[in-house]
Each structure stands twice: as C-alpha cells, then as structure tokens.
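In the working numbering, the protein residues as written are 178 to 339.
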C-alpha cells in the first residue's frame with residue numbers, strides 16, 4: 178500500500194478545518210435561531226416620519242400600562258434626543274418598546290436589559306424587555322447620528338413595587 182505524501186497531509190490538514198468550521202458555525206446559528214427562539218426584531222409596521230406628530234401612537238410618546246405588569250413605551254428618536262428620555266415602571270414589569278426615528282438611522286441599546294434595536298425613519302420597531310430589579314437602566318443611541326450623538330441617551334427607572 179502506498180503511503181500518502183506529505184503535501185497531501187498538509188492539504189488535508191487545511192481543507193478539513195476549512196469545511197468543518199463554517200459548517201459548525203452554520204449549525205450553531207440554526208440551533209440558536211430555531212431551537213432557542215432567538216430572532217432578529219422585525220418590521221412592526223410603517224409610518225411617515227414627517228407625520229409623526231399626527232400619527233398614533235407617536236403623537237403622544239410615553240409609557241402606557243397595557244395590562245397587569247405590562248407596559249408599552251412609545252418612543253421617537255430624533256436628532257440627538259429620545260422622546261421620552263426617562264421611562265418609569267415598577268420592578269418586575271415587562272416593557273414593549275414601540276419606537277421609530279423621525280430623521281436618520283438611530284439605535285436603542287439598553288445594555289442591562291439585553292435590548293438592542295435599530296430605529297429607521299419610516300419603520301416601526303417593536304421589542305420587549307423585562308425589568309426584574311429596581312434601579313436605573315440607561316439607554317443610548319448606538320448608531321452615529323451626528324456631532325452631538327454622545328448626548329443621545331436616557332434611562333429606564335425601575336421603581337420598587339409598593
């Protein structure tokens with residue numbers, strides 16, 4: 178029996194991992210997406226960004242209680258600010274953020290709540306987070322939106338249940 182050449186073994190040592198690594202990554206992506214139920218936030222509707230002041234629910238940004246322990250935060254991102262920039266809910270609440278942008282691409286990132294979503298003009302984004310512990314959960318814009326981008330932040334204040 179003929180022994181494989183050294184070149185063949187080196188080729189095999191590079192080809193097998195080159196195939197196995199992408200296949201493994203694809204398998205992990207599929208398991209995460211379907212098995213664990215983790216999905217990218219989708220388009221929750223369309224709105225004319227020039228008519229936000231006259232379009233519900235963005236004509237009255239703020240927090241609305243939609244059920245026991247469930248709230249909806251209606252937010253508009255505009256150049257260098259969020260409306261509202263402070264949201265108050267009791268501990269243990271589940272908050273659905275319904276948000277859009279009035280001008281350019283913005284982002285809504287709440288690190289302590291594992292929430293991250295793009296806010297595009299004309300597109301309504303809807304994501305949900307739970308706030309189990311009292312405290313302040315800062316949020317910020319994670320997409321560069323101009324010279325005062327660093328001033329675009331706010332906070333979710335989670336108050337102890339009374």
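Every residue, glycine too, gets a C-beta built ideally from N, C-alpha and C.
Model, not experiment: these values are computed from the prediction.
Residue i versus the options, residue with shortest Cα-Cα distance
{"i": "residue 276", "options": "231, 244, 189, 255", "result": "255"}
{"i": "residue 320", "options": "225, 285, 210, 263", "result": "285"}
{"i": "residue 287", "options": "179, 330, 191", "result": "330"}
{"i": "residue 268", "options": "261, 281, 248", "result": "248"}
{"i": "residue 270", "options": "282, 279, 251, 245", "result": "245"}
{"i": "residue 301", "options": "283, 206, 314", "result": "283"}
{"i": "residue 242", "options": "310, 182, 314, 273", "result": "273"}
{"i": "residue 298", "options": "195, 188, 224, 187", "result": "224"}
{"i": "residue 304", "options": "210, 290, 311, 312", "result": "290"}
{"i": "residue 318", "options": "295, 182, 213", "result": "295"}
{"i": "residue 315", "options": "201, 308, 337, 332", "result": "332"}
{"i": "residue 311", "options": "184, 327, 292, 337", "result": "337"}
Under the three-state DSSP convention, the category residue i falls into
{"i": "residue 179", "result": "coil"}
{"i": "residue 209", "result": "helix"}
{"i": "residue 264", "result": "strand"}
{"i": "residue 325", "result": "coil"}
{"i": "residue 334", "result": "strand"}
{"i": "residue 200", "result": "helix"}
{"i": "residue 233", "result": "coil"}
{"i": "residue 184", "result": "helix"}
Contact under 8 angstroms by Cβ, residue i with residue j
{"i": "residue 266", "j": "residue 322", "result": "no"}
{"i": "residue 335", "j": "residue 263", "result": "no"}
{"i": "residue 233", "j": "residue 240", "result": "no"}
Own chain residues within Cβ distance below 8 angstroms of residue i, not counting five before or after
{"i": "residue 253", "result": "229, 235, 238, 259, 260, 276, 277, 278, 279"}
Close Cβ partners of residue i (< 7 angstroms) along its chain, the five nearest in sequence each way excluded
{"i": "residue 325", "result": "257"}
{"i": "residue 204", "result": "none"}
With a floor of 3 residues, list each beta strand (DSSP E) that falls wholly inside the region 242-323, ordered by position along the chain.
247-255, 258-260, 263-267, 270-278, 283-287, 292-296, 300-308, 312-317
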